[in-house]
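Notes follow the structure.
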Amino acid sequence: MVEITLVRHGQASFGAADYDRLSPLGHEQARLLGESLALRGRARPARVFLGSMRRHRETLEGLAPALGLDPDAATVHEGLNEFDGGALLACRFGCALPEDVRRDKRLYFRTLRETVLAWQRDEVEAPPESWRDFSARVSDALASMRAAGGDVLAVSSGGAISRMLVEVLGAPPAQMILLQLQMKNCAVSRLVGSGRGLFLHAFNEVPHLRTEEDDRLLTYA
Numbered sequence: 180m181v182e183i184t185l186v187r188h189g190q191a192s193f194g195a196a197d198y199d200r201l202s203p204l205g206h207e208q209a210r211l212l213g214e215s216l217a218l219r220g221r222a223r224p225a226r227v228f229l230g231s232m233r234r235h236r237e238t239l240e241g242l243a244p245a246l247g248l249d250p251d252a253a254t255v256h257e258g259l260n261e262f263d264g265g266a267l268l269a270c271r272f273g274c275a276l277p278e279d280v281r282r283d284k285r286l287y288f289r290t291l292r293e294t295v296l297a298w299q300r301d302e303v304e305a306p307p308e309s310w311r312d313f314s315a316r317v318s319d320a321l322a323s324m325r326a327a328g329g330d331v332l333a334v335s336s337g338g339a340i341s342r343m344l345v346e347v348l349g350a351p352p353a354q355m356i357l358l359q360l361q362m363k364n365c366a367v368s369r370l371v372g373s374g375r376g377l378f379l380h381a382f383n384e385v386p387h388l389r390t391e392e393d394d395r396l397l398t399y400a
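Written out as C-alpha cells, the structure reads:
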C-alpha cells in the first residue's frame with residue numbers, strides 16, 4: 180500500500196523579477212499547513228520528495244518543523260518541477276508579452292490556459308520542453324513515489340500535480356490545465372494505491388484554513 184500526499188507550494192512571488200520564491204504569505208501558509216497536518220494526526224511520512232525549485236524547498240522548510248521532518252533528507256526529483264509557463268508564453272508571443280496580459284492577472288491565466296492547450300497539441304514552436312517530455316518526467320516521479328511505498332509526502336507545483344492526477348484518472352490531457360487553475364497554494368491532494376493501481380482520494384484540500392478570518396490565506400498564484 181502507498182498513500183501519496185501531494186502539496187502544492189505556498190504563494191510565490193507573482194509579478195516579481197524572481198517568481199521562484201515564497202512571498203511572506205506563502206511562508207505562513209506552509210507553516211500553518213504543517214501545524215494542521217500534525218494536529219490531524221497524520222503519520223510521519225516514510226519518504227519525502229520535492230522538486231528542485233526554490234519554492235518547493237521553502238514550502239517544505241515551512242511545514243517540516245511541525246511534522247518532525249528533516250528537509251535535507253528529502254529526495255529531490257526533477258519530475259516534480261513545474262513546466263516553464265513564462266517560456267511557453269514567450270515562444271507564442273515573442274519576447275514581448277502583451278501589456279494587457281502582463282497587467283491583468285485574470286487575462287494572464289486565460290492566456291496561459293490557451294497556450295498550454297496549444298503546447299499539448301504541439302502548436303507552440305520550439306518550446307523549452309515538449310509536452311511529451313514534461314509528461315514523461317512527471318510520470319517517472321509518480322512511479323518513484325509509488326515504488327517507495329508507505330506514507331509519502333511530496334512538495335511540487337500545480338502543473339506537475341495536475342498532470343499526475345490526469346494520469347491516475349485516465350482523463351484527457353486538456354483537463355490538466357483546468358485542474359491546475361483550480362489549485363490553491365499549499366493545497367493537499369492525496370493518492371492511495373495498491374497492486375491494482377493508484378486512486379484519487381482527495382483533491383485541493385486546504386486543512387489549514389479553519390475560519391472565515393483565514394480567507395486571506397486563500398491564494399492561487
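Numbering (our numbering), first residue to last: 180 to 400. We treat Cβ as the ideally placed atom computed from N, Cα and C, and that holds for glycine.
- Assigned with DSSP and collapsed to three states, Gly374 falls in coil, not helix or strand.
- Distances from the alpha-carbon of Val371 to those of Ala326, Lys363, Ala400 put Ala326 closest.
- By the CB criterion at 8 Å, Ser335 and Leu358 fall outside the cutoff.
- Nearest C-alpha to Ser314 among Leu379, Met343, Arg200: Met343.
- Pairwise C-beta distances place the stretch 201–218 out of contact with the stretch 303–313, as fewer than three of them are shorter than 8 Å.
- Excluding its 5 nearest sequence neighbours in each direction, Gln299 has C-beta neighbours in its own chain below 7 Å: Trp310, Pro352, Ala353, listed in chain order.
- In terms of CA proximity to Asp249, Glu240 leads the group Val255, Glu240, His256, Glu257.
- In the three-state DSSP reduction, Ala320 falls in the helix class (H, G or I).
- Our two residues, Ala333 and Ile183, have alpha carbons roughly 7 Å apart in a direct line.
- DSSP lists Ala333, Ser368 as the bridge partner or partners of Leu185.
- Lys284 sits exposed, since fewer than 16 C-beta atoms from the chains shown fall within 10 Å of its C-beta.
- In the structure shown, the three-state DSSP call for Ala269 is helix.
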